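Novice: Taken in order, the sequence shown gives residues 71 to 312; the numbers are from our numbering. Here a beta-carbon is modelled for each residue, glycine too, at the ideal position from N, C-alpha and C. Owing to the predicted nature of the structure, the values given are computational and were not obtained by experimental measurement. Please find one structure pasted underneath; my questions will follow.
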Amino acid sequence: MGHRSVAAETRKALTSRGFRAALGGAIAVSVAVAVVVGVFAPVFRGASVTTAAYGFGLVGAVLAAVAGALLIGLDRDHGTLSLTRILIPRPLLSYASKVLVAAVSGSAIGLLAGALAIGVAVITGLPSPAGEALALLATAPVVGGLVAVMGLAVGRLAPSTTAAVGIVLGWWFLLEAIAVPALPFGRTVAAWLPATSAQIATIGVPANTATWSPWISLAVLAGWTSSVSVVALAAERRRVQP
71 MGHRSVAAET RKALTSRGFR AALGGAIAVS VAVAVVVGVF APVFRGASVT TAAYGFGLVG
131 AVLAAVAGAL LIGLDRDHGT LSLTRILIPR PLLSYASKVL VAAVSGSAIG LLAGALAIGV
191 AVITGLPSPA GEALALLATA PVVGGLVAVM GLAVGRLAPS TTAAVGIVLG WWFLLEAIAV
251 PALPFGRTVA AWLPATSAQI ATIGVPANTA TWSPWISLAV LAGWTSSVSV VALAAERRRV
311 QP
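Encoded structure:
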């Protein structure tokens, strides 16, 4: 039953244009920013392979989260969620399968984005210390997987696909990027929030936000993903209880 559920969720993800578009957009933005940084390196003082990964850290990761939200949102809106519940009458298993698909997809996008950033950096002559490159290859896949699973949980809790995407984008670009930094001690607060933690873990920005290592920021992001996922699972459990 588990293999059937994972296979079914994988097929639906691969045939979803929205899901594919979000992941494709993440890669496109990552490559575009890496090329711009590489070609115009003199403009970016102190640019390195980490700078080349800004596209993924600032935009690509949120598109991975959007892909996670779409994974369940489009399923629900198109009516295939009802069909899945008939074929696989274990909603918690179905949700766990979606988590696996989201995590693998997000991690793959993160790994690909990191590898492409390194490739562009090498081709264009950007400084590419081995430590930075290895850190990017280690953190980007984890961030991609975590934010995709978080997006999936938001998609499960939101009343519609539009609301889920709006929540993800609004949180990333409005709340954490604009509203929180404007508050007193805003940078301190931001260091404990998911989007900022994802950025610190992969590309080390915003600067002067956290005094700890990127791995701590990765743990903070994992905590957010786990918490939102627990709430989503609880909501799923309440739905299946008589």
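(1) Could you tell me the distance, in whole angstroms, from the CA atom of residue 293 to the CA atom of residue 132?
(2) Leaving out the 5 sequence neighbours to the left and right, which residues in its chain are closer than 6 Å to residue 265 when beta-carbon positions are compared?
(3) Please give the ranges of any alpha helix (DSSP H) in the stretch 83-169, keeping only runs that are unbroken, at least 4 residues long and fully inside the region.
(4) With DSSP run on the structure shown, which of helix, strand or coil describes residue 175?
(5) Taking all protein chains shown into account, decide if residue 248 is buried (16 or more other Cβ within 10 angstroms of its Cβ) or exposed.
(6) Can you tell me where the alpha helix (DSSP H) with residue 240 in it begins and where it stops?
(7) Judging by CA-CA distance, which residue of 255, 254, 97 is the nearest neighbour of residue 127?
(8) What is the DSSP secondary structure of residue 197, counted as helix, strand or coil?
(9) On the CB-based measure, 16 or more other CB atoms within 10 Å of its CB, does residue 312 come out buried or exposed?
(10) Can you give me the C-alpha to C-alpha distance between residue 210 and residue 138, rounded to a whole angstrom?
(11) Return the Cβ separation of residue 171 and residue 80 in integer angstroms, given the expectation that the two are a contact with Cβ distance under 8 Å.
Specialist: On the basis of the supplied data:
(1) 17 Å
(2) 242, 246
(3) 87-109, 119-122, 131-147, 150-157
(4) helix
(5) exposed
(6) From DSSP, residue 240 is part of no alpha helix (DSSP H); its letter is neither H nor E.
(7) 97
(8) coil
(9) Annotation note: pLDDT 48 at residue 312 (below 50); position unreliable, coordinate value reported separately. Exposed: under 16 other Cβ atoms inside 10 Å.
(10) 16 Å
(11) 6 Å
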